[in-house]
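**Student:** No gaps in the numbering here: position 57 of the sequence shown is 57 in our numbering, and each next residue is one more.
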Amino acid sequence: MGQESLRLVKPSLEFESSYMAMLDECRALGEGADRYRMRYDLDFAARVKRLLEQEQGIGLEPGHVPQATFWLVRDGHIGYMIHPSERRKGYGTRILALALDEARRLGLERVLITCSPDNIGSARIIEKNGGIKDTDGVDPETGHATSRYWIEL
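1. Identify which residue in ILE120, THR114, ARG124 has its Cα closest to the Cα of ALA137.
2. Taking just the CA atoms, how far does ARG124 sit from VAL66?
3. In the structure shown, what three-state DSSP assignment does GLU152 receive?
4. At which residues does the alpha helix (DSSP H) containing LYS49 begin and terminate?
5. By the 10 Å Cβ neighbour count, where 16 or more other Cβ atoms means buried, how is ALA45 classified, buried or exposed?
6. Within 10 angstroms of its Cβ, does GLN56 collect 16 or more other Cβ (buried), or is it exposed?
7. Please return the same chain residues whose Cβ sits closer than 6 Å to the Cβ of ARG7, not counting the five positions on each side in sequence.
8. Hey, how far is the Cα of ALA68 from the Cα of GLU127?
9. Quick test of your reading: SER85 and PRO117, contact by CB under 8 Å. State the CB separation rounded to the nearest angstrom.
10. Count the other CB atoms, across all protein chains shown, that sit within 10 Å of the CB of ASP75; report buried if there are 16 or more and exposed otherwise.
11. In the DSSP assignment, what are the bridge partners of GLY137?
12. Measuring CA to CA, which of LYS89, LEU153, ALA21, TYR91 is closest to LEU106?
13. Leaving out five residues on either side along the sequence, give the residues of the same chain with a beta carbon under 6 Å from the beta carbon of ILE82.
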C-alpha cells in the first residue's frame with residue numbers, strides 16, 4: 001500500500017483536483033451526499049472554508065461541536081471517505097490510526113466515532129482501531145440511523 005507516503009493534511013485548495021475526482025466517482029457509483037455529509041452544492045473553495053470554520057467553531061448548527069478535518073493524502077487521494085477505486089486496501093484503517101494520533105496530540109482521552117449501521121467496512125475500520133460499540137441512534141441532522149463507537153486513547 002505504500003503507507004510511508006501517507007500523511008494527514010488540513011483541507012486545502014491544492015487538493016481540489018483529487019477531491020473533485022473522488023466526488024465524481026462517488027456520484028457515478030450512486031453514493032448520495034447525505035451518506036458522507038458531503039455538500040455537492042458547495043464549490044470546492046467554499047467547502048474548504050466551511051471545514052476550516054467548523055474547526056474554529058464558526059457557524060456551527062445547534063447541538064454541533066467544533067471538529068477538525070484531516071485528509072489522508074497519497075499521490076492526490078484524500079479521505080476518511082476513501083476514493084472508491086482505492087477501497088479495501090487498508091487506507092481507512094490507517095487514516096483512522098493517524099487521526100487517533102492527532103487526537104492524542106490534542107490531549108483527548110477518548111473519541112466518539114459514528115458510521116451508518118449498514119456501513120460494514122467503516123464499522124470494521126473503527127473496531128480494528130479499538131472502537132467499542134456504544135449505541136445505535138438517529139442522526140438529528142439527516143434522520144438516518146447511526147452507530148456510535150468509543151475509542152479510548
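Note that beta-carbon positions come from the ideal geometry of N, C-alpha and C, so glycine has one too.
**Tutor:** Per the coordinate set shown:
1. First, the residue type needs correcting, since residue 137 is Gly and not Ala in the sequence shown. Measuring from the Cα of GLY137, the nearest candidate turns out to be THR114.
2. A small correction: the amino acid at residue 66 is Pro; Val does not occupy that position in the sequence shown. Rounded to whole angstroms, the gap between the alpha carbons of PRO66 and ARG124 is 26 Å.
3. When secondary structure is reduced to three states using DSSP, GLU152 falls in the strand class.
4. In this chain, the alpha helix (DSSP H) harbouring LYS49 covers 44–56.
5. Burial check for ALA45: the Cβ neighbour count within 10 Å stays below 16, so the residue is exposed.
6. Answer is exposed; the Cβ neighbour count stays below 16.
7. So the qualifying residues of the chain are VAL73.
8. One C-alpha to the other measures close to 21 Å.
9. Not confirmed; about 25 Å, so no contact.
10. Note that ASP75 scores 43 on pLDDT, short of 50, meaning its location in the model is unreliable and no value can be drawn from it.
11. Paired residues: THR146.
12. It is LEU153 whose Cα lies nearest to the Cα of LEU106.
13. Closer than 6 Å at the Cβ level, and outside the excluded window around ILE82, lie TYR91, GLY92.
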